[in-house]
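Engineer: This is the structure I have questions about; it appears just below.
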């Protein structure tokens, strides 16, 4: 296969149907932002939406905005806007709280739906907070009621047994980008009597997800990565219709009450997915999410997936061609079908290399012990961004720039 | 006592040390906003702070802002800015999640600190979500581990017994504005071996609170009422230093880990109050809170309390003088020392009267079954606001305007 040329890459941009979306995001000139899998950039329309929310809705209309501007139903309204992105029919998704808090609700509820089973099965490569939330729940309930069991991801299916209440996996691994076969794993879990809970943190907005079609039971997800809602934006959760009125989740705050403004002393759960709400949501964070979801509503997710795979494939090919001999080892699946929308390479000097790249305005991130990680987000990343990122990486490696002392000191937070 | 005249009230404004703060808030001309106990108005400086946060920190600096702009430590930084407002020495307060979620953390932790005791004692007039969170916890743990017991607020002290793990009260009642004697109740609870948990939703920013001085164990609070952080702004929690390393709370998300970015599979709680953090916070909501806390840092809380009592006393006197014979019955303590910063009147036509007032640009709120509720917030409410509010109320009652059909239909959300 002939080497890929700059002209080839420019040609790919010329035939890119999604190229027009770049202008809808605030991105500094010259910056190549390959960290949208950690924090999505600012949609330009969000600036005006937040000004409206702050200066008019809060500033002028004050308390009346709960009704006048529909603040009261933001969790449901945003849930319905997230639903099509994850293949959910209406009435199953709400935006609320953090992913961690939502995991606790669903895990506790799932255990109640599977009495007599006590194991929550996951893999040690899952995102740590997912595991920590199970540990908190298990410590609270005691080992006879709940136990976290960890097996490697390729052994999950075999490890599901009659003691497994819930299989909890992140659809796309945050380090490697490896994607589980959602439909197949869900099917096996359910055949063995367990519930299937997917964490969509690295899937929602990254690739088509089909929760209903895969007959998924429970899911959580994050909006501040691929969905561009802003730092720490609201998380969301999905409870399949068939499970919604079965049990009451323990974080039974007033927003999950059937009639919150009756101010009853007794909690009466809403009959819908609303019973998975808890306290008052951050309206400003919700408004930012709504604006980005309105942008997402115009996007063809099949085209996003197609371009995402091409961007990732191009990156892998270019790194392997143009940075050959510099010690990069692919740490993500080579086959696009098995991958989310990110690519990681292992390198012993990964931390310093990433610091050099960042200094050169290529923003990716580092994940211990040795991974440099790059997210590819088709709405605002061009094929030439990929070319330029690899060129800057090549120059860094050839000049040994990452050896500079300034790039060697590891910050407390990366 | 001679009737209070308009001149008397104007004189009160002329000698008001806090009058200058009014200009720091966005409040429409002619509006009398007596609902800051539900949603505080927008500090004008917050507009610029949010623009900076959105357009520069998120928009330009993107992921690097977690370090560069200190996003990572917002919960702690804001906690330290809340601390002086509630009489807490450093290292005991963090801003995070919602009040409901924070209650769950503290209640679950508190139960673990008092093994062998299972009762959480509260009163039926407490804010409903506080009771609902106990119900969710009790349902999860089972009746042998946790039970919610409700007795009327004046019977609380006598009801504390050897089975009481936690006494959970809201310092200022959301309906009546009645204020508990924090020091006395805390002392009795602790003498009987229980922990004391205060909800400061209607206290923080409303009146001086002295958590350390009262030897309080645990507290939660809300920032979107008197602290002006914006709709659904971050809640906060307080854990007295002596309790921080005793137990692990169950919502053990990664932000409470001793080293969140080590990505261990095992949860290791932080040794500080940070272990009460859970998932990623909404940065935009946090930035809005920080700006309002920076305004609060300039405020003398003793002066706030003094003016608050005078505003409330004036309102009570004027309603009773100028609206005499119209059926208003004071539903708040007459003695300012026993009251928070709000006044409620009972009236059979309360709902329609409040709707008429709102139409006339006096914003208070209605709480079922028959209370009209008015919050008095010294930073942006003048004595003449009180005079004018009562005048508008008087005209409504004299003209019977609230009898109009448009004011009779009760909205779904009030």
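Residue numbers (the numbering used here), protein chains in the order written: chain A, 9 to 422; chain B, 9 to 422.
We put the CB at the ideal spot given by N, CA and C, even for glycine.
Less than 8 Å between the CB atoms is what I'm expecting for residue 424 (chain A) and residue 349 (chain A), so what's the real figure, rounded?
Structural biologist: Because chain A is modelled from 9 through 422, residue 424 (chain A) falls outside the range shown and cannot be assessed.
Engineer: Using only the alpha-carbon positions, how far apart do residue 422 (chain B) and residue 363 (chain B) sit?
Structural biologist: To locate residue 422 (chain B), count along the second chain from 1; it is residue 414. To locate residue 363 (chain B), count along the second chain from 1; it is residue 355. The predicted position of residue 422 (chain B) is uncertain, since its pLDDT is 38 and thus under 50; no value can be drawn from it.
Engineer: Give a yes or no on whether the minimum CB-CB distance between residue 286 (chain B) and chain A is below 7 Å.
Structural biologist: On the second chain, residue 286 (chain B) is found 278 positions in, with the first residue counted as 1. It does: the Cβ of residue 286 (chain B) has a partner Cβ on chain A nearer than 7 Å.
Engineer: Quick one: what's got a C-beta closer than 7 Å to residue 275 (chain B)'s C-beta in the same chain, skipping five residues either side?
Structural biologist: Within the second chain, numbered from 1, the residue matching residue 275 (chain B) stands at position 267. Same-chain partners within the cutoff: 260, 265.
Engineer: Can you tell which of B:343, B:239, B:286, B:163 has its C-alpha closest to the C-alpha of residue 73 (chain A)?
Structural biologist: Mapped onto the first chain, residue 73 (chain A) falls at position 65. If we check each option's Cα against that of residue 73 (chain A), B:239 comes out closest.
Engineer: With a cut-off of 7 Å, does the C-beta of residue 70 (chain B) fall near any C-beta of chain A?
Structural biologist: Here the question's residue 70 (chain B) lines up with position 62 in the second chain. Yes, residue 70 (chain B) counts as interfacial toward chain A.
Engineer: Between A:46, A:127, A:246, A:77, which has its C-alpha nearest residue 103 (chain A)'s C-alpha?
Structural biologist: Locating residue 103 (chain A) in the first chain gives position 95, where the first residue counts as 1. Ranking the options by Cα distance to residue 103 (chain A), first place goes to A:246.
Engineer: Would you say residue 291 (chain B) reaches chain A, if we count a Cβ-Cβ gap shorter than 7 Å as a contact?
Structural biologist: The sequence position of residue 291 (chain B) within the second chain is 283, counting from 1. Answer yes: the Cβ-Cβ gap between residue 291 (chain B) and chain A drops below 7 Å somewhere.
Engineer: Would you identify the three-state DSSP class for residue 97 (chain A), choosing helix, strand or coil?
Structural biologist: As a first step, residue 97 (chain A) is located in the first chain; it is residue number 89 there, counting from the start. It is coil, neither helix nor strand.
Engineer: So is residue 143 (chain B) in contact with chain A if we call contact Cβ pairs under 7 Å?
Structural biologist: For the purposes of this step, residue 143 (chain B) is identified with residue 135 of the second chain, where counting begins at 1. Cβ-Cβ to chain A under 7 Å: yes for residue 143 (chain B).
Engineer: Is DSSP giving residue 210 (chain A) helix, strand or coil here?
Structural biologist: Within the first chain, numbered from 1, the residue matching residue 210 (chain A) stands at position 202. Looking at residue 210 (chain A) - three-state DSSP - the assignment turns out to be coil, as it is neither helix nor strand.
Engineer: How is residue 153 (chain A) classed by DSSP in three states: helix, strand or coil?
Structural biologist: Here residue 153 (chain A) refers to the residue found at position 145 of the first chain. Note: residue 153 (chain A) maps to coil in three-state DSSP.
Engineer: Would the stretch 97-114 of chain B and the stretch 96-112 of chain A be scored as touching if the rule is three or more Cβ pairs under 8 Å?
Structural biologist: Yes, they touch.
Engineer: Which whole-angstrom value describes the C-beta separation of residue 39 (chain A) and residue 249 (chain A), a residue pair presumed to lie in contact below a C-beta threshold of 8 Å?
Structural biologist: Residue numbering aside, residue 39 (chain A) sits at position 31 when the first chain is read from its first letter. Residue numbering aside, residue 249 (chain A) sits at position 241 when the first chain is read from its first letter. Not confirmed; about 43 Å, so no contact.
Engineer: Quick check: the stretch 198-205 of chain A against the stretch 219-226 of chain A, are at least 3 beta-carbon pairs closer than 8 Å?
Structural biologist: The stretch 219-226 of chain A, when compared against the stretch 198-205 of chain A, does touch it at the 8 Å Cβ threshold.
Engineer: Just to confirm, is the Cβ distance from residue 116 (chain A) to residue 277 (chain A) under 7 Å?
Structural biologist: Locating residue 116 (chain A) in the first chain gives position 108, counting from the first residue. Locating residue 277 (chain A) in the first chain gives position 269, counting from the first residue. No; because the gap between Cβ atoms is not below 7 Å, this pair is not in contact.
Engineer: Mind reading off the beta-carbon distance from residue 133 (chain B) to residue 155 (chain B)? Whole number of angstroms is fine, and I expect it under 8 Å.
Structural biologist: Here residue 133 (chain B) is taken as the residue at index 125 of the second chain, counted from 1. Here residue 155 (chain B) is taken as the residue at index 147 of the second chain, counted from 1. At roughly 19 Å, the Cβ-Cβ gap does not stay under 8 Å, so residue 133 (chain B) and residue 155 (chain B) are not in contact.
Engineer: To the nearest angstrom, how far is it from the Cα of residue 167 (chain B) to the Cα of residue 269 (chain A)?
Structural biologist: Stepping through the second chain from its first residue, residue 167 (chain B) is reached at position 159. Stepping through the first chain from its first residue, residue 269 (chain A) is reached at position 261. If you take the alpha carbons of residue 167 (chain B) and residue 269 (chain A), they lie about 29 Å apart.
Engineer: Would residue 33 (chain B) pass as a contact of residue 388 (chain B) if the rule is Cβ separation under 7 Å?
Structural biologist: One-based indexing of the second chain puts residue 33 (chain B) at position 25. One-based indexing of the second chain puts residue 388 (chain B) at position 380. In this structure, residue 388 (chain B) lies closer than 7 Å to residue 33 (chain B) by Cβ.
Engineer: Between residue 338 (chain B) and residue 183 (chain B), is the Cβ-Cβ spacing less than 7 Å?
Structural biologist: Residue 338 (chain B) sits at position 330 when you count from the first residue of the second chain. Residue 183 (chain B) sits at position 175 when you count from the first residue of the second chain. No. Outside cutoff.
Engineer: Less than 7 Å separating the beta-carbons of residue 382 (chain B) and residue 351 (chain B)?
Structural biologist: As a first step, residue 382 (chain B) is located in the second chain; it is residue number 374 there, counting from the start. As a first step, residue 351 (chain B) is located in the second chain; it is residue number 343 there, counting from the start. Taking 7 Å as the Cβ cut-off, residue 382 (chain B) and residue 351 (chain B) qualify as a contacting pair.
Engineer: Could you tell me which whole alpha helix (DSSP H) segments of length 4 or greater appear in the stretch 16-50 of chain B?
Structural biologist: Within the stretch 16-50 of chain B, no complete alpha helix (DSSP H) run reaches 4 residues.
Engineer: Can at least three beta-carbon pairs, one atom from the stretch 394-409 of chain B and one from the stretch 63-78 of chain B, be found at a separation below 8 Å?
Structural biologist: Contact fails: fewer than three Cβ-Cβ distances are below 8 Å.
Engineer: Measuring only the C-alpha atoms, how far is residue 26 (chain A) from residue 390 (chain B)?
Structural biologist: If you number the first chain from 1, residue 26 (chain A) lands on position 18. If you number the second chain from 1, residue 390 (chain B) lands on position 382. Roughly 55 Å between the two C-alpha positions.
Engineer: Got a sec: is the Cβ-Cβ distance from residue 46 (chain B) to anything in chain A below 7 Å?
Structural biologist: As a working mapping, residue 46 (chain B) is identified with position 38 in the second chain. It does: the Cβ of residue 46 (chain B) has a partner Cβ on chain A nearer than 7 Å.
Engineer: Leaving out the 5 sequence neighbours to the left and right, which residues in its chain are closer than 7 Å to residue 58 (chain B) when beta-carbon positions are compared?
Structural biologist: On the second chain, position 50 is the one that residue 58 (chain B) refers to. The residues are 292, 295, 296.
Engineer: Contact criterion: CB-CB distance below 7 Å. Does residue 43 (chain B) meet it with respect to chain A?
Structural biologist: What you label residue 43 (chain B) is simply residue 35 of the second chain in a count that begins at 1. It does: the Cβ of residue 43 (chain B) has a partner Cβ on chain A nearer than 7 Å.
Engineer: Rounded to the nearest angstrom, what separates residue 188 (chain A) and residue 142 (chain B) at their Cα positions?
Structural biologist: Here residue 188 (chain A) refers to the residue found at position 180 of the first chain. Here residue 142 (chain B) refers to the residue found at position 134 of the second chain. About 38 Å.
Engineer: Please compile the residues from chain A whose C-beta is within a distance smaller than 7 Å of the C-beta of residue 371 (chain B).
Structural biologist: The sequence position of residue 371 (chain B) within the second chain is 363, counting from 1. Chain A residues near residue 371 (chain B): 70, 71.
Engineer: Starting from residue 79 (chain B), find everything on chain A with Cβ-Cβ shorter than 9 Å and list it in chain order.
Structural biologist: Start at 1 with the first residue of the second chain, and residue 79 (chain B) comes out as number 71. Near residue 79 (chain B) (Cβ distances below 9 Å), the residues of chain A are 239, 240.
Engineer: Hey, could you find the ends of the beta strand (DSSP E) residue 127 (chain A) is sitting in?
Structural biologist: Locating residue 127 (chain A) in the first chain gives position 119, counting from the first residue. Note, residue 127 (chain A): beta strand (DSSP E), 127-130.
Engineer: Ignore the nearest five residues each way along the sequence and tell me which others in residue 323 (chain B)'s own chain have a CB closer than 6 Å to its CB.
Structural biologist: Position 315 of the second chain, counted from the first residue, corresponds to residue 323 (chain B). Cβ within range, chain order: 351, 394.
Engineer: Distance check for residue 263 (chain A) and residue 406 (chain B), CA to CA, integer angstroms please.
Structural biologist: Mapped onto the second chain, residue 406 (chain B) falls at position 398. Mapped onto the first chain, residue 263 (chain A) falls at position 255. Those two C-alpha atoms are separated by around 39 Å.
Engineer: Using the C-alpha atoms, what's the distance from residue 289 (chain B) back to residue 236 (chain A)?
Structural biologist: Residue numbering aside, residue 236 (chain A) sits at position 228 when the first chain is read from its first letter. Residue numbering aside, residue 289 (chain B) sits at position 281 when the second chain is read from its first letter. When rounded, the distance between both Cα atoms is 15 Å.
Engineer: Starting from residue 382 (chain B), find everything on chain D with Cβ-Cβ shorter than 7 Å and list it in chain order.
Structural biologist: Considering every chain present, this structure includes no chain D. Its protein chains are A and B.
Engineer: Starting from residue 352 (chain B), follow its DSSP beta bridges and name the residues at the other end.
Structural biologist: Here residue 352 (chain B) is taken as the residue at index 344 of the second chain, counted from 1. In DSSP, residue 352 (chain B) forms a bridge with B:381.
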